[in-house]
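For the sequence shown, the residue numbers in this note's numbering are 4 to 80.
Yeah, the Cβ is synthetic: ideal placement off N, Cα and C, and Gly gets one too.
Please read these numbers as outputs of a predicted model, since none were measured by experiment.
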Amino acid sequence: MEKRVSKAIFKSRACELFRQVETLGETVVVTDRGHPTIEIRPYRSREENPLELLRASITHFNLKHAQQPVAVEQDER
Numbered sequence: 004m005e006k007r008v009s010k011a012i013f014k015s016r017a018c019e020l021f022r023q024v025e026t027l028g029e030t031v032v033v034t035d036r037g038h039p040t041i042e043i044r045p046y047r048s049r050e051e052n053p054l055e056l057l058r059a060s061i062t063h064f065n066l067k068h069a070q071q072p073v074a075v076e077q078d079e080r
């Protein structure tokens, strides 16, 4: 989830917002006159395995449909 705050609010609550980013993992976007200028998000090491990010991400699997071939038109999307 992304949280948006103005520069003025960020200036007065920076430490609190940093703690939220660290503990909750949420992204904070700082705006200037309503336009996003800076994004603050948790650091993620480049050494992280991309497959680990996908682990347990399948929410529904239907074996009956998985055994049917995919049409050429659908495959090129």
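Cβ neighbour criterion (16 or more within 10 Å) applied to residue i
| i | result |
| --- | --- |
| PHE64 | exposed |
Spatially closest choice to residue i from the options, by CA coordinates
| i | options | result |
| --- | --- | --- |
| SER48 | SER9, PHE13, LEU56 | LEU56 |
| PHE13 | LYS67, GLU50, ILE43, GLU51 | ILE43 |
| ASP35 | ALA69, ARG7, LEU66 | ARG7 |
| VAL31 | GLY37, HIS38, GLN23 | GLN23 |
Own chain, CB closer than 7 Å to residue i, minus 5 neighbours either side, in chain order
| i | result |
| --- | --- |
| MET4 | GLU29 |
| THR40 | VAL33, THR34 |
Rounded Cβ spacing between residue i and residue j (contact assumed at less than 8 Å)
| i | j | result |
| --- | --- | --- |
| GLU25 | PRO45 | 7 Å |
- Counting only runs of 4+ residues fully inside the region 6 to 56, write out the alpha helix (DSSP H) ranges in chain order. 10 to 27
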